[in-house]
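In what follows, a single structure is set out as structure tokens and then discussed.
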Amino acid sequence: MKRAKIVQKRFLGTSFVELWLEEKDIAYLASPGQFVMVTIGSSYDPFLKRPFGILACQENQFGLLFEIVGRGTQILSQLEIGDQVDLLGPLGNGFSLNPKEALLVGGGRGLVPLYFLAQIFTNKKVPFQFFFGIRSQEEKVLIEYLSQLPIPLVISCQEELSGFYCGTVLDAFEDWRQHHSLSKSTPKIYACGPQGMFQTLAKMDDIIPNQIEVSLESRMGCGYGVCLSCAVKKKGLPGYFHVCKDGPVFRLGEIEL
Amino acid sequence: MNLQVHLGNLTLSNPIILASGTAGYGREIAPYLDLDRVGALTLKGLSSNPWVGNPPPRIHETYAGIMNSIGLENKGFDRFFREDLPFLENFQTKIIANIWGKTIEEYSDIAKKMNGLERIDAIEVNVSCPNIEQGGESFSSNGQVLCQLIQNLRQKIQKPLIVKLGPNTDDLNNVLQFMEREGVDILSITNTFPALAIDVENQSYIFSRKTAGLSGPAIKPLALKLVYDVIQRTRLPIIGMGGIMKTADALEYFLIGAQAVALGSVNLIDPSAAVQIIEGIKAYLVQKNIFDINDLIGKVR
């Protein structure tokens with residue numbers, strides 16, 4: 001198990017927290033789509049570690065950005081700079097990193113692994129377009145966060161929000177595709193967001209689900225492949241994948257959502 | 258200092274075992290833990306054929322514990338043989354195969370296969386799984402069926418035979434006597450506790466099978482009481498398990514008379530916990546001026 005010190009902490013609005021942790025192995029090794037399992041508190045309650053996607057890495061530090069959704073994230077949000085956490089990682093497989101061209105599609109806190117991916121693509125000079133959508137104005141902080149990156153962005157909000165596309169991220173994505181000819185090369189699609197977004201994406205015209213990489217969120221027990229809790233159904237085959245070990249990145253066509 | 262313990266004809270270099278289903282087939286936990294440091298590794302439960310297990314959700318956190326409903330998912334004997342057994346050849350540590358079936362025949366089948374593997378040092382039988390020939394009730398919920406199963410397996414298994422009894426074993430006194438007579442070598446006490454959780458928001462059960470198995474520190478005093486109860490009634494050596502998180506928890510089991518202990522849920526949150534617990538036991542023995550762990554076992558009676 002590794003131990004990391006919190007070196008930066010910032011609330012984004014009231015429900016999102018950005019943490020930067022100092023742990024050089026994770027910072028050097030982590031790849032977009034991978035995650036860490038973080039111990040919550042020092043008692044056995046809550047009992048389990050929590051999985052968090054990695055937001056970015058810089059020298060000997062790595063970032064997390066999470067939404068406060070329950071007891072575990074609530075407790076984690078109360079830690080302060082200088083506090084230490086125990087963790088495992090980096091875990092999981094991560095996205096493929098060598099497309100000729102890419103389209104990134106993210107919804108809500110699905111931003112996290114794609115933000116990391118966008119940074120890597122920028123460094124590697126992979127041409128890409130980032131589509132990002134939020135449900136309501138409360139998540140506007142995520143747009144502000146993402147807008148710090150000098151990358152080509154299309155942003156949508158399901159509520160009316162001045163200056164942005166009104167609709168889901170997939171509405172915006174579809175609109176964009178209709179106005180851009182993609183005939184000469186098919187860019188690789190990377191997606192992370194709520195389950196409904198993946199389901200809609202899989203049914204869109206001219207989409208080949210097996211060519212789309214999606215990063216899944218799941219409740220996990222261990223994060224390293226022993227408890228088999230994070231099961232996701234295989235498409236067209238009996239049995240399950242395990243998000244922690246076989247994923248969290250899957251081809252959209254190989255999983256049943 | 259001596260940490261070696263003898264459980265019948267199974268000798269362990271130390272009394273700390275990794276419990277079935279919390280360490281995979283060794284390969285999964287090996288990056289975090291030197292397998293040769295533990296007394297034994299119990300493999301994730303295997304059936305003869307692959308088994309897909311239950312639909313999600315499979316896990317639910319409770320106060321200081323977890324409920325699981327994995328449904329015995331496993332890759333089956335053949336894939337274990339190909340993918341995992343060669344890896345285990347790299348270690349000296351004792352390997353305990355955990356087996357299960359839905360019928361006595363299925364149990365026999367996997368028992369024979371495991372019995373034929375040189376690398377397997379002992380076979381632990383999970384008797385808490387549903388018996389499809391008896392309407393899906395657990396094998397351990399009917400003392401007669403359980404005895405029939407054990408008798409059958411004893412004939413197939415020449416290696417040390419461990420029976421893992423859950424908290425709700427039917428007719429415990431007779432079952433224990435029967436196991437002694439039939440030559441069962443060791444008992445594992447206990448398995449997860451049947452438990453229930455409700456999704457208040459959606460007004461439904463959390464798990465598709467309604468009940469699930471509770472483990473973790475929440476069950477430790479209950480599991481310890483079960484070990485205590487069984488020790489009063491049998492001379493078979495016992496592997497105690499249930500909610501062990503740290504050295505003191507393991508010591509409680511030894512003091513009450515368990516010859517070894519198994520670590521389960523703790524492996525999920527700290528895969529290297531076993532080594533810390535072994536070091537903690539050594540420190541305790543030094544502090545108490547005890548040379549041999551066997552002098553500690555059963556000191557509180």
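Those sequence lines, one after another, are chains H and E.
For what it's worth, our numbering labels the leading residue of the first sequence as 1, then goes sequentially.
For what it's worth, our numbering labels the leading residue of the second sequence as 258, then goes sequentially.
Idealized CB from N, CA, C, for every residue including glycine.
Nothing here was measured: the structure is a model prediction, and the numbers come from that model.
Inter-residue spacing [alpha-carbon to alpha-carbon] between residue i and residue j
i	j	result
residue 160/H	residue 141/H	15 Å
residue 527/E	residue 221/H	11 Å
residue 325/E	residue 178/H	47 Å
residue 349/E	residue 290/E	14 Å
residue 552/E	residue 259/E	10 Å
residue 225/H	residue 288/E	12 Å
residue 335/E	residue 55/H	40 Å
residue 200/H	residue 308/E	31 Å
residue 44/H	residue 233/H	31 Å
residue 505/E	residue 512/E	10 Å
residue 284/E	residue 180/H	48 Å
residue 229/H	residue 501/E	21 Å
residue 356/E	residue 304/E	6 Å
residue 409/E	residue 475/E	35 Å
residue 145/H	residue 479/E	49 Å
residue 430/E	residue 462/E	34 Å
residue 542/E	residue 267/E	23 Å
residue 230/E	residue 534/E	Coverage of chain E is limited to positions 258 through 558, which leaves residue 230/E absent and any answer about it impossible.
residue 454/E	residue 470/E	11 Å
residue 445/E	residue 385/E	12 Å
residue 171/H	residue 362/E	56 Å
DSSP bridge partner residues for residue i (one or two, in chain order)
i	result
residue 505/E	Paired residues: none, contrary to the question.
residue 122/H	Per DSSP, none; premise fails for residue 122/H.
residue 227/H	For residue 227/H, which the question treats as bridged, DSSP gives no partner whatsoever.
residue 37/H	51/H and 88/H
residue 360/E	Beta-bridge pairing links residue 360/E to no other residue.
residue 421/E	383/E and 445/E
Chain H within 7 Å of residue i, Cβ atoms only
i	result
residue 281/E	yes
residue 335/E	no
residue 330/E	yes
residue 526/E	yes
residue 452/E	no
residue 285/E	yes
residue 462/E	no
residue 510/E	no
residue 361/E	no
residue 473/E	yes
C-beta neighbour in chain E for residue i, strict 7 Å
i	result
residue 51/H	no
residue 44/H	yes
residue 238/H	yes
residue 219/H	yes
residue 77/H	no
residue 102/H	no
residue 38/H	no
residue 197/H	no
residue 222/H	yes
residue 227/H	yes
residue 4/H	no
residue 48/H	yes
residue 204/H	no
residue 118/H	no
residue 30/H	no
For residue i, the nearest candidate out of the options (CA to CA)
i	options	result
residue 389/E	379/E, 502/E and 358/E	358/E
residue 376/E	342/E, 409/E and 391/E	342/E
residue 88/H	249/H, 244/H, 252/H and 229/H	244/H
residue 167/H	158/H, 175/H and 236/H	158/H
residue 419/E	276/E, 261/E, 486/E and 270/E	276/E
residue 364/E	474/E, 547/E, 381/E and 273/E	381/E
residue 269/E	299/E, 487/E and 312/E	299/E
residue 80/H	48/H, 32/H and 6/H	6/H
residue 467/E	519/E, 361/E, 477/E and 451/E	451/E
residue 257/H	203/H, 92/H, 10/H and 103/H	203/H
residue 338/E	320/E, 371/E, 360/E and 314/E	371/E
residue 127/H	102/H, 120/H, 240/H and 138/H	102/H
residue 82/H	4/H, 252/H and 173/H	4/H
residue 90/H	173/H, 10/H and 63/H	63/H
Classification of residue i by the beta-carbon crowding that lies within 10 angstroms, buried from 16 upward
i	result
residue 493/E	buried
residue 50/H	buried
residue 263/E	exposed
residue 28/H	exposed
residue 69/H	exposed
residue 554/E	buried
residue 11/H	exposed
Chain A contact residues for residue i, given Cβ-Cβ distances below 9 Å
i	result
residue 395/E	Judged by its chain identifiers, the structure shown contains no chain A, and its protein chains are H and E.
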